[in-house]
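Notes follow once the structure below has been shown.
In the working numbering, the protein residues as written are 74 to 430.
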């Protein structure tokens, strides 16, 4: 009896273990059945990050490569001959109109001026005497005419010499800076020899070239800006748009005039010239969300109310390093900002909404 009882107990334990294992198997089976739809849904509707964008008014602009130029650059040349006896302004120094940059030797000019002055006095006496005699009938009027001509010639000679003496002081013709000075004390100058260059940087031009498609939108007086490669930013207005294209490039010259009161912007510097065209509606987005369709068109992927992906071709209105303006989108649109490369047009997705940046 004891053996049979032990046997029964053992059979009971084995049966309990079997039932426990069967219950686990059924539970796993039910668990798998419940998990299967979830896994299937995850495979058919992947998650993507989206953001809602609203169209904004923006001014479309073009960006062209240009160069800064001084509005006025005056080349100084000797207007009389002479030896340089003094220089008063160093190269690169600022000057005002009328400032003396250098002096030439007067040589015998003062003596010749004194001689002409004395000659004028003599000619005036001769003219007075001849006129008096002619009025009394003692002399011909021809003598008076000759005396008058001699007087006028002496006066003209003195005026020329006074100008010549004034030209021995070489003066700045405009406000600016002496950008170049090619003379030193002891140098002998002839008429027309180059002395130096004065550059006025208080106002500066940025010159570029636009295409025939862009030129109709530009007009004198419209605002614009320029970023110089040296770091200076200039704001100004268009002062010139060429009426005829360059035959070689089929482009049109445009000039932006900008104030430069501190003279920091220099002439001859490479610049990025930005010119506004017209006002349009657009969406400001990150360049990272752009993608291509099968035909190679640039666009974005949006998610509609049905949570399906839609590819929308776009027009790039403007771009910079951190943002881009797009045209061709609805005023209100939900765009895929992360994961756009892993979903296709018409695919069902699970959108995870994030705020637009």
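Ideal Cβ positions, reconstructed from N, Cα and C, are used throughout, including at glycine.
Please read these numbers as outputs of a predicted model, since none were measured by experiment.
Cut-off 7 Å between Cβ atoms - residues of its own chain near residue i, not counting five sequence neighbours on either side
i	result
residue 245	168, 169, 170, 171, 172, 174, 271
residue 281	137, 138, 139, 327, 346
residue 126	356, 358, 406, 408, 429
residue 151	262, 263, 264, 265, 266, 268
residue 417	382
Same chain, Cβ closer than 6 Å to residue i, neighbours up to 5 away in sequence not counted
i	result
residue 194	none
residue 87	Bear in mind that the predicted position of residue 87 carries a pLDDT of just 43, short of 50, making it too unreliable to give a figure here.
residue 221	200
residue 178	155, 156, 158
residue 401	387, 388
residue 249	271, 272, 273
Through-space distance from residue j to residue i, alpha-carbon basis
i	j	result
residue 440	residue 263	The requested residue 440 does not occur in the structure, where the chain is confined to residues 74 to 430.
residue 369	residue 412	19 Å
residue 296	residue 247	28 Å
residue 161	residue 338	26 Å
residue 306	residue 333	10 Å
residue 316	residue 302	29 Å
residue 166	residue 351	43 Å
residue 225	residue 192	11 Å
residue 242	residue 203	41 Å
residue 342	residue 383	46 Å
residue 216	residue 240	37 Å
residue 148	residue 223	39 Å
residue 394	residue 256	49 Å
residue 335	residue 176	29 Å
residue 219	residue 180	32 Å
Assigned secondary structure, residue i (DSSP; H/G/I helix, E/B strand, else coil)
i	result
residue 241	coil
residue 274	strand
residue 322	coil
residue 129	strand
residue 152	coil
residue 388	strand
residue 228	helix
residue 413	helix
residue 223	helix
residue 254	strand
residue 353	strand
Other residues of its chain near residue i: CB distance less than 8 Å, five sequence neighbours each side excluded
i	result
residue 391	131, 133, 134, 355, 397, 398
residue 285	318, 323, 324, 325
residue 365	371, 372
residue 340	141, 142, 143, 146, 272, 274, 277
Beta carbon of residue i nearer than 8 Å to that of residue j
i	j	result
residue 190	residue 254	no
residue 293	residue 312	yes
residue 374	residue 419	no
residue 124	residue 376	no
residue 389	residue 372	no
residue 234	residue 196	no
residue 423	residue 141	no
residue 118	residue 329	no
residue 278	residue 144	yes
residue 344	residue 299	yes
residue 153	residue 237	yes
residue 122	residue 410	yes
residue 128	residue 308	no
residue 231	residue 291	no
residue 314	residue 353	no
Residues bridged to residue i [DSSP beta-bridge criterion]
i	result
residue 124	408
residue 143	277
residue 347	136, 298
residue 262	155
residue 56	Given that the chain is displayed from residue 74 to residue 430, the structure contains no residue 56 and the question cannot be resolved.
residue 309	297
residue 332	276
residue 375	383, 408
residue 173	244
Check: residue i C-beta below 7 Å from any heavy atom of the ligand NAD
i	result
residue 175	Annotation note on the ligand NAD: not contained in the displayed structure, which lists no ligands.
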